[in-house]
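2 protein chains.
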Amino acid sequence: MHSSLDCFPCFARQALDAARIVSDQPEMHEQILRRICLLASEMDLNQSPVVMGQAIHRMVKEVSGNPDPYRAIKSRFNQLALDLYPKVKRLVDQAPDPFDAAVRLAITGNSIDFGAYTSRDFNEASLHRMIDTVLLEPVSGDIAIFKQAVNRGGNILYLADNAGEIIFDRLLIERLPLDRLTVAVRGIPIINDATMEDARLAGITDLCTVIDNGSDAPGTLLDDCNKSFLGVFNQADLVIAKGQGNYETLSDVDNKAVFFLLKAKCPVIAAHLGCPVGRMIVMTGAHQS
Amino acid sequence: MHSSLDCFPCFARQALDAARIVSDQPEMHEQILRRICLLASEMDLNQSPVVMGQAIHRMVKEVSGNPDPYRAIKSRFNQLALDLYPKVKRLVDQAPDPFDAAVRLAITGNSIDFGAYTSRDFNEASLHRMIDTVLLEPVSGDIAIFKQAVNRGGNILYLADNAGEIIFDRLLIERLPLDRLTVAVRGIPIINDATMEDARLAGITDLCTVIDNGSDAPGTLLDDCNKSFLGVFNQADLVIAKGQGNYETLSDVDNKAVFFLLKAKCPVIAAHLGCPVGRMIVMTGAHQS
Chain G
1 MHSSLDCFPC FARQALDAAR IVSDQPEMHE QILRRICLLA SEMDLNQSPV VMGQAIHRMV
61 KEVSGNPDPY RAIKSRFNQL ALDLYPKVKR LVDQAPDPFD AAVRLAITGN SIDFGAYTSR
121 DFNEASLHRM IDTVLLEPVS GDIAIFKQAV NRGGNILYLA DNAGEIIFDR LLIERLPLDR
181 LTVAVRGIPI INDATMEDAR LAGITDLCTV IDNGSDAPGT LLDDCNKSFL GVFNQADLVI
241 AKGQGNYETL SDVDNKAVFF LLKAKCPVIA AHLGCPVGRM IVMTGAHQS
Chain A
290 MHSSLDCFPC FARQALDAAR IVSDQPEMHE QILRRICLLA SEMDLNQSPV VMGQAIHRMV
350 KEVSGNPDPY RAIKSRFNQL ALDLYPKVKR LVDQAPDPFD AAVRLAITGN SIDFGAYTSR
410 DFNEASLHRM IDTVLLEPVS GDIAIFKQAV NRGGNILYLA DNAGEIIFDR LLIERLPLDR
470 LTVAVRGIPI INDATMEDAR LAGITDLCTV IDNGSDAPGT LLDDCNKSFL GVFNQADLVI
530 AKGQGNYETL SDVDNKAVFF LLKAKCPVIA AHLGCPVGRM IVMTGAHQS
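Chains as they are written, first to last, in this note's numbering: chain G, 1 to 289; chain A, 290 to 578.
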């Protein structure tokens, strides 16, 4: 997916949010924001918005000297998700269609996204509200078709997205064929994206193979991933890609069945998907499986 | 008032909105947006946000070759305000305190601002809703103190803000001492700001002296105004400054009584004023009269 001109105000907003998370020095905020504006003035619109996201958050880490600025936010939402886990697991187990419920809860976890949202837009209370209505909300796409793709056999690669969210992913991962499943996380901390540490905390390393992709992109830029990840990706018969960043980077993959599970949190993504903002999505990309 | 880092995402948003109003060519939108990002990367934060607003809208006019891109929007909201005029005039005349009601309606007109708002955020229906509740809404500041300042005597200069809004201004202007009142409009079309043509349409040229300030800034940058305007400004004992742009450019004036009448439409202005977004404001600036 290419970048849109509508992404530009959001790049500036993201840069400022991230700068303020990493530092309370206005001079540092200003330096980061000015450098991102300069980058935006020359950016290649054929690139995915994730490339600019990567540049923004690399710059935040470089200017601040903090290699993991969202560590505290990741811990906070991991803890919140762990606290909620017994409740949401019960919700899934007792649902008329537990697989459908697990997909919905995994997508609800995708709201824990501090690239798309700021802490003004999203907090613990919003997550509680979403869980209360998750089984009734509309979903764009067909969870039954997704389930058929899972049951078709072959290797499955699950691309996790954010910390906190990855604990909700566990609800779905537990219902996937674990012997032919690999879960992948980011290789290097970026925004609040899940890394190996978060997969371990979620208990997913005890369930199936977990690998890291070697990259610090808040999505899956294949050119930026390590060889072992690419080997698994190329061998996968089905890719389950969580979240906006993975959608932005893989929506054009046309030689492989990719199912995107996400909340459409921004107007650009929603327009690309042809759905309203806030909608839960279970859809394939360029490849129609 | 200085520019805030929080203005940067809004500069990009404004540039894109304006580019799309003036043209349906994506290449032109992109060119304008890239050039504004470059300007933002080097802008002097000690300047008022109006300086960047002026740069954005000058660039939109230059790139498009259209000297008045908001002409259709101005006509639409002038016509809407003219249609509403009998109703709002009755509302003022029948109010328990007509002066108070006229101030409130003049401020309500300040919502017709296509710098602060996009046509997604503001339309005819929003204006109707605001009028219905205007007499009950809270106002930050004291309209009675403003009235005392008006009645104190001396020369009054009324700085109009937007087309459409200027027809609501007429309700207040009719209740000001017309023999010692001058109304000023922008010298050159910029966004949907009122020019002499709009003052004439509102019938204000029939009521009192109307001058233009010679400038194309969406506010009052004194260094950018013509000599005749500066003469009237310097001779004024009271300045009534409508709207965010006039607040952004004159809030630091400390040698003259300036009353600011506006809707606080953006978070930066609201924080500067210490009020919630959307609040009606009747306040003095650096000079406490």
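We put the beta carbon where it would ideally sit given N, CA and C, even for glycine. From a predicted model like this one, the values you see are computed outputs, not experimental measurements.
*By how many angstroms is the C-alpha of residue 75 (chain G) removed from the C-alpha of residue 541 (chain A)?*
44 Å
*Could you have a look at residue 247 (chain G) and say whether DSSP puts it in helix, strand or coil?*
helix
*asked:* Quick check for students: name the residue ranges of the beta strand (DSSP E) that lie wholly in the region 473-524 of chain A, counting only runs of 3 or more.
replied: 498-501
*Give a yes or no on whether the minimum CB-CB distance between residue 58 (chain G) and chain A is below 8 Å.*
no
*Just the chain G side, please: which residues come within less than 7 Å of residue 301 (chain A) by C-beta, in chain order?*
8, 9 and 12
_Test item: CB-CB of residue 264 (chain G) and residue 275 (chain G) under 8 Å_ = yes
*Taking only beta-carbon atoms, is residue 323 (chain A) less than 8 Å away from chain G?*
yes
*In chain order, what residues of the same chain have a beta carbon less than 7 Å from the beta carbon of residue 411 (chain A), not counting five sequence neighbours either side?*
400
*Got a sec: which bits of the region 179-210 of chain G sit with their beta carbon under 7 Å from any beta carbon on chain A, in order along the chain?*
none
*On the three-state DSSP scale, how would you describe residue 374 (chain A)?*
helix
_Where residue 163 (chain G) falls: helix, strand or coil (DSSP)_ = coil
*So what does residue 260 (chain G) bridge to, in DSSP terms?*
G:241 and G:283
*Using CA coordinates, which residue listed in A:292, A:354 and A:395 is at the minimum distance from residue 452 (chain A)?*
A:395
*Tell me whether residue 381 (chain A) sits in a helix, a strand or coil according to DSSP, three-state version.*
helix
*Select from A:354, A:307 and A:531 the residue whose C-alpha is nearest the C-alpha of residue 461 (chain A).*
A:531
*Cα-Cα, which of A:518, A:468 and A:367 is closest to residue 416 (chain A)?*
A:367
*Please determine if the region 266-280 of chain G and the region 188-204 of chain G are in contact, where contact requires at least 3 C-beta pairs separated by less than 8 Å.*
no
*asked:* Is residue 569 (chain A) a contact residue of the ligand ADP, with contact defined as CB to any heavy atom under 7 Å?
replied: For the ligand ADP, the structure offers nothing, since it holds no ligand at all.
*Whole-angstrom C-beta distance between residue 403 (chain A) and residue 362 (chain A), which should lie under 8 Å*: 6 Å
_Run through the DSSP bridge pairs and tell me what residue 447 (chain A) is partnered with._
A:472 and A:529
_Once the 5 residues before and after residue 398 (chain A) are set aside, which same chain residues still bring their CB inside 6 Å of it?_
454 and 457
_Residues bridged to residue 563 (chain A) [DSSP beta-bridge criterion]_ = Note: residue 563 (chain A) sits in no beta bridge, so no partner.
*Tell me the start and end of each unbroken alpha helix (DSSP H) in the region 302-343 of chain A that is at least 4 residues and wholly inside, in chain order.*
315-331
*Neighbour list for residue 37 (chain G) in chain A, Cβ cutoff strictly below 7 Å*: 297, 326, 329 and 330
*Using the C-alpha atoms, what's the distance from residue 320 (chain A) back to residue 289 (chain G)?*
Unreliable positioning characterises residue 289 (chain G) in this predicted model, as indicated by a pLDDT of 47, which lies under 50. The coordinate reading is nonetheless provided below. So the two alpha carbons sit approximately 39 Å from each other.
*Could you give the distance in angstroms between the alpha-carbon of residue 183 (chain G) and the alpha-carbon of residue 237 (chain G)?*
14 Å
*Could you check how far apart the C-beta atoms of residue 545 (chain A) and residue 528 (chain A) are, in whole angstroms? I think they sit under 8 Å.*
6 Å
_Which residues of the region 114-143 of chain G have a Cβ closer than 7 Å to any Cβ of chain A? Give them in chain order._
none
_Using only the alpha-carbon positions, how far apart do residue 307 (chain A) and residue 450 (chain A) sit?_
18 Å
*Starting from the Cα of residue 3 (chain G), find the closest Cα among G:20, G:25 and G:42 and give me that residue.*
G:42
_Please classify residue 220 (chain G) as buried or exposed, where buried requires at least 16 neighbouring CB atoms within 10 angstroms._
buried
*asked:* So, at 8 Å on beta carbons, what are the nonlocal neighbours of residue 507 (chain A) in its own chain, with the 5 sequence-adjacent residues on each side left out?
replied: 339, 342, 343, 346, 404, 475, 479, 480, 482 and 534
*Just the C-alpha distance for residue 67 (chain G) and residue 59 (chain G), rounded to the nearest angstrom, thanks.*
10 Å
_Endpoints, the beta strand (DSSP E) within which residue 296 (chain G) is located_ = Past the edges of chain G, shown from 1 to 289, lies residue 296 (chain G), and the structure says nothing about it.
*Can you list, in chain order, the residues of its chain whose CB lies under 6 Å from that of residue 224 (chain G), leaving out five sequence neighbours each side?*
215 and 217
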